[in-house]
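Take a look at the structure set out below.
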Amino acid sequence: MRLMRQPSVIVDLTVEIDHGQLYIYSAAPWADDPNNDAMLRALDDARASGRWVGLADGLINLVVPFRKSFDAPLRLEVWPEEPPADDARWDHVVDVDFEMSTREIVFEPSGGFAPVHCKDQVPPGSYRARVSGRGYAEARDGADGMDAYRLRLWPSVNPAAPALRKGWPGWRDQGM
Numbered sequence: 353m354r355l356m357r358q359p360s361v362i363v364d365l366t367v368e369i370d371h372g373q374l375y376i377y378s379a380a381p382w383a384d385d386p387n388n389d390a391m392l393r394a395l396d397d398a399r400a401s402g403r404w405v406g407l408a409d410g411l412i413n414l415v416v417p418f419r420k421s422f423d424a425p426l427r428l429e430v431w432p433e434e435p436p437a438d439d440a441r442w443d444h445v446v447d448v449d450f451e452m453s454t455r456e457i458v459f460e461p462s463g464g465f466a467p468v469h470c471k472d473q474v475p476p477g478s479y480r481a482r483v484s485g486r487g488y489a490e491a492r493d494g495a496d497g498m499d500a501y502r503l504r505l506w507p508s509v510n511p512a513a514p515a516l517r518k519g520w521p522g523w524r525d526q527g528m
């Protein structure tokens, strides 16, 4: 009998997205260097790679095709191993490496709005992160509260390149 794999941690949060971006990090790259431009470099990486999820100095930048989203649901899941794929349920799915240098994950909207702190749920270490989003077309077209996100983490043994698992086709419609 095969046991069903389950996440060891599930945390449901509400985040805000502004200027079409949500920053995800464990330790702020600018904490020791106020001139650190990780946010801009992660945005450049997101655009240039076509993944719309960028990386720089431990910061993940989730870029979405609309300007603002208030009270967007985000589920954080921690798994003991790579979780089962369910990409068909999401508009956009990207895998990246994520370093937890503290016991906190921060979800911060671009533009200086208040971040959401998730403390003591994930131990420090190296993880693979699967960033998923849905409701992109509806939110882009003005529907409020239709977008949702998920961040799945599992231990990573070896660094791996970022991988676009599923791309939202609307990026092409926007000329991006």
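Taking this note's numbering, the leading residue of the sequence shown gets 353, the next gets one more, and so forth. All C-beta atoms in this analysis are idealised placements derived from N, C-alpha and C, irrespective of residue type, glycine included.
Spatial neighbours of residue i in its chain, beta-carbon cut-off 6 Å, leaving aside the 5 residues before and after
| i | result |
| --- | --- |
| T454 | S378 and A379 |
| A390 | P381, A408, D409 and L411 |
| R486 | W442, D443 and A500 |
| P435 | R504 |
Endpoints, alpha helix (DSSP H) assigned at residue i
| i | result |
| --- | --- |
| G485 | No alpha helix (DSSP H) contains G485, which is instead part of the beta strand (DSSP E) from G477 to R486. |
| G410 | Careful: G410 lies outside any alpha helix (DSSP H) and carries neither H nor E. |
| S401 | A390 to S401 |
Chain-order list of residues whose beta-carbon lies under 7 Å from that of residue i (same chain, five-residue window excluded)
| i | result |
| --- | --- |
| F418 | G372, A491 and R492 |
| A398 | W404, V405, G406, N413 and V415 |
| R463 | The question names Arg, but residue 463 in the sequence shown is Gly. Excluding residues within five positions, the ones whose Cβ falls inside 7 Å are D370 and H371. |
Straight-line Cα distance separating residue j from residue i
| i | j | result |
| --- | --- | --- |
| P514 | A495 | 30 Å |
| V530 | P386 | Outside the shown range of the chain, which is 353 to 528, sits residue 530, and nothing can be said about it. |
| A394 | D447 | 15 Å |
| S421 | P521 | 20 Å |
| M353 | A489 | Confidence is the limiting factor: at M353 the pLDDT is only 47, short of 50, which leaves the residue's position unreliable, though a coordinate-based value still follows. Answer to the nearest angstrom: the Cα atoms are 41 Å apart. |
| P461 | Q473 | 21 Å |
| D370 | Q358 | 32 Å |
| V468 | D525 | 32 Å |
| E368 | D423 | 6 Å |
Beta-bridge pairing of residue i - partner residues as DSSP gives them
| i | result |
| --- | --- |
| V445 | S484 and K518 |
| H371 | Its beta-bridge partners do not exist; DSSP assigns none. |
9 Å Cβ cutoff met for residue i and residue j
| i | j | result |
| --- | --- | --- |
| E451 | W506 | no |
| L426 | F465 | no |
| R480 | A437 | no |
| S484 | S508 | no |
Sequence-distant residues of its chain with Cβ nearer than 8 Å to residue i (five each side left out)
| i | result |
| --- | --- |
| N388 | P381, W382 and D409 |
Host beta strand (DSSP E) of residue i (start-end)
| i | result |
| --- | --- |
| W506 | A500 to P507 |
| D423 | S421 to V430 |
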